[in-house]
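Novice: This is the structure I want to talk about, given as structure tokens.
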Amino acid sequence: MKKLLTLLFMLAVAFSLTMPVFAQETAGGTEAPKAEKKEKKAKKMKKAKKEKKEEKKEEAK
């Protein structure tokens with residue numbers, strides 16, 4: 059009986075020590091795609107503004 063309890067205890071300890079391996083990434087994994095999306099969105103907005111300026115210049119001529 060004592061060996062069984064020792065075995066169960068060791069399994070519990072081993073399980074608790076290996077859980078971080080299966081944990082989901084939080085801050086590091088999610089911020090990179092958000093930053094890329096922001097950069098792409100900023101580039102699109104900048105490009106759209108530039109195109110609007112060019113259209114206004116062409117209309118003024």
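Residue numbers (the numbering used here): 59 to 119.
Here a beta-carbon is modelled for each residue, glycine too, at the ideal position from N, C-alpha and C.
Only a predicted model underlies this, so the values are computations on that prediction, with no experimental measurement involved.
Does Thr64 get closer than 9 Å to chain B when you measure Cβ to Cβ?
Specialist: Among the chains in the structure shown there is no chain B, since it carries only a single protein chain.
Novice: Using only the alpha-carbon positions, how far apart do Lys60 and Ala72 sit?
Specialist: 18 Å
Novice: Rounded to the nearest angstrom, what separates Glu113 and Phe80 at their Cα positions?
Specialist: 54 Å
Novice: Within its chain, find whatever has a CB closer than 7 Å to the CB of Glu94; leave out the 5 residues flanking it on each side and keep chain order.
Specialist: none
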